[in-house]
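Each residue of the sequence shown is one higher than the one before, counting from -4 in the numbering used here. Glycine included, every Cβ here is placed at the ideal spot set by N, Cα and C.
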Amino acid sequence: MKNLKNSQMLRVLIFLGLFGFSIGLFDNYRIMWMDANGLATSTISHIISISNIVTVLCLFFFTLKVSTDKLHRGIIIVLILNILTGLSLILLNETSNYFWIKFLMFFNIAFTQLVLSSIYPLMMNMGKDDVLYTKKSFVESLSNKLGFLLVSIILGKSVFSTVIDYNTCLILSLIFAFLGFIVMLTVHIDNKNETRRVDIIDAIKYFNKNKVFYLYFIVSIVGSACWGTVLGMPMLTLTENLHLSSTVASFMILGIGIISNALSMVVVKYLNFKNEYINLFFKYGARGIFYFLTFITGNQLFFLLTIIYMLLTDCLYNFLFGGFFINNIDEKYSLFMTVLKYCTGLIGDSIGVFICGLTFHLSTRLIFLPTLILYIIHITLACILVNKKKLLNKNK
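Next up, the structure:
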């Protein structure tokens, strides 16, 4: 039975690798594809924002109402819909059929997010430990970056007399999504080990007794919104606002992302300060300095430096809040907590991307005005949360 479980887990990880590679091939260029097809920046931001909200609602339904064996079937159905909407978008490329492009892209984004967010709940039916979560995160992150790297290299190049454009990226993405779909069909879920569904009333009572988790969720929402107001549409921001080429923007996002991942290991081992306010400063405090300088000067060099520092600190000090609160919740709510964390991140992203779309064509100063407001709220609440965390540690 153990070998069977390992076999099924391996298949899920292979699926995640293929699907993550598929996302890396197109997701970073999705916005560019929509822009090339004539969609306004504000429209693009609305599509992304609403898709995230729909994903949150569907994910809550899956978590609260759908058993694990049905979750597997649900993922397969969503994968089919994801592939079908992707195929339709390929055919709609350069047709100026804006209604169907918006409609199908809206659902394609939601289906992609829903599959990603449903994988770990599925995996928890096969095992529950930190190693499993680490494997899932590593495979997803690595495969995504490899897909992004491949496209960054070949985009604009001529292969077999065909120029690799954004639509080609979508075609390649669908090929790997289909391969992942084939692998997912071979996965078998043991119903005897089915994960118990969450009792929402019981969960609310638990959180009401531990209100610090509510503050944690609020910090997550505001932090994601602050990020999204600047980097909600990173490729468009770098190419249109900062006038970088698509290739330079791609390698910049990819390269700094890899450096951020590598530095996160260094931070965990050598730069995890006992004073958590110092950790908080390096993760968020220094960002505020860049936000303020960019807002005051309106200088595009500071704009670029702000984005670089944000990307560089993306993975740094993620343990500051996330690991602590997820590991200090009652075990029967750990999955629900993970889902809530993912959902609050999506809600914050939705707010940030929406604001990003509204301010995209304004001056640099006006772009950073809502960012500064959100940042002040976020850093204030984060400092309170650090204090709450210290009190919880003392009471252990």
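Residues of its chain near residue i, where Cβ-Cβ distance is below 6 Å and the 5 sequence neighbours each way are ignored
i, result
"Gly142", "Phe16, Gly19, Leu20"
"Ile43", "Val348"
"Phe290", "Arg360, Phe363, Leu367"
"Phe268", "Asn274"
"Leu99", "Thr80, Ser83, Leu84"
"Leu174", "Leu13"
"Val207", "Lys383"
"Tyr304", "Phe285"
"Thr36", "Gly352, Phe355"
"Ile371", "none"
"Asn47", "Leu341, Asp344, Ser345"
Cβ-based burial, residue i [other Cβ within 10 Å; buried from 16]
i, result
"Gln108", "buried"
"Arg282", "buried"
"Val263", "exposed"
"Gln295", "exposed"
"Met230", "buried"
"Met(-4)", "Here Met(-4) scores only 42 on pLDDT, less than 50, and its place in the model is too uncertain to base an answer on."
"Tyr272", "exposed"
"Ala244", "buried"
"Ser2", "exposed"
"Leu86", "exposed"
"Ile324", "buried"
"Ala257", "exposed"
"Leu380", "buried"
"Gly151", "exposed"
"Ser156", "exposed"
"Tyr312", "buried"
"Tyr328", "buried"
"Trp95", "exposed"
"Tyr115", "buried"
"Gly41", "This sequence places His at residue 41; Gly is not what is there. It counts as buried."
"Leu233", "buried"
"Asp197", "exposed"
"Ile284", "exposed"
"His356", "exposed"
"Ser91", "exposed"
"Tyr337", "buried"
"Thr354", "buried"
"Met332", "buried"
"Lys165", "Inspection of the sequence shows that residue 165 is occupied by Leu rather than by Lys. With 16 or more Cβ atoms within 10 Å of its Cβ, Leu165 is classed as buried."
"Lys385", "exposed"
Residues that DSSP places opposite residue i in a beta bridge
i, result
"Thr157", "Val154"
First through last residue of the alpha helix (DSSP H) which encompasses residue i
i, result
"Val182", "That residue, Val182, is in no alpha helix (DSSP H); it is neither H nor E in DSSP."
"Phe212", "207 to 226"
"Ser245", "241 to 265"
"Ile302", "295 to 307"
"Asp30", "25 to 31"
"Tyr201", "195 to 204"
"Ile284", "281 to 292"
"Thr232", "Where Thr232 is concerned, there is no enclosing alpha helix (DSSP H), given that its DSSP letter is neither H nor E."
"Lys97", "93 to 118"
"Glu271", "271 to 275"
CB-CB length for residue i against residue j, believed under 8 Å
i, j, result
"Val178", "Ile9", "5 Å"
"Met4", "Met118", "7 Å"
"Val134", "Gly12", "5 Å"
"Ile248", "Asn23", "7 Å"
"Lys130", "Thr38", "About 38 Å separates the two Cβ atoms, so there is no contact after all."
"Leu307", "Ile251", "6 Å"
"Val402", "Ile342", "Nothing about residue 402 can be read from this structure; the chain reaches only from -4 to 391."
"Phe239", "Phe298", "Note that residue 239 is Leu in the sequence shown here, rather than Phe. Contact flag wrong, Cβ pair sits at about 11 Å."
"Ile216", "Thr339", "5 Å"
"Ser259", "Met27", "28 Å between Cβ atoms; not a contact."
"Ser255", "Asp309", "5 Å"
Chain-order list of residues whose beta-carbon lies under 8 Å from that of residue i (same chain, five-residue window excluded)
i, result
"Ser113", "Leu54, Phe57, Leu66, Gly69, Ile70, Val73"
"Asn77", "Asn103, Phe106, Thr107, Val110, Ala172"
"Asn(-2)", "Unreliable placement is indicated for Asn(-2), whose pLDDT of 48 sits below 50; the coordinate value is still reported in the next sentence. So the list is empty, once near-sequence residues are dropped."
"Gly218", "Tyr279, Gly343, His373, Ala377"
"Phe246", "Ser147"
"Ser136", "Gly15, Asn256"
Own chain partners of residue i with C-beta closer than 7 Å, once the 5 adjacent residues on each side are dropped
i, result
"Thr224", "Gly347, Ile350, Cys351, Pro365, Thr366, Leu369"
"Val49", "Ala105"
"Lys88", "Looking at the sequence itself, residue 88 is Asn, so the reference to Lys does not match. Cβ neighbours of Asn88 beyond the five flanking positions: Asn32, Asn162."
"Tyr211", "Phe316, Phe320, Leu380"
"Tyr201", "Asp325, Tyr328"
"Thr375", "none"
Cβ of residue i within 8 Å of any chain D Cβ
i, result
"Leu165", "Absence of chain D from the displayed structure is noted, only one protein chain being present."
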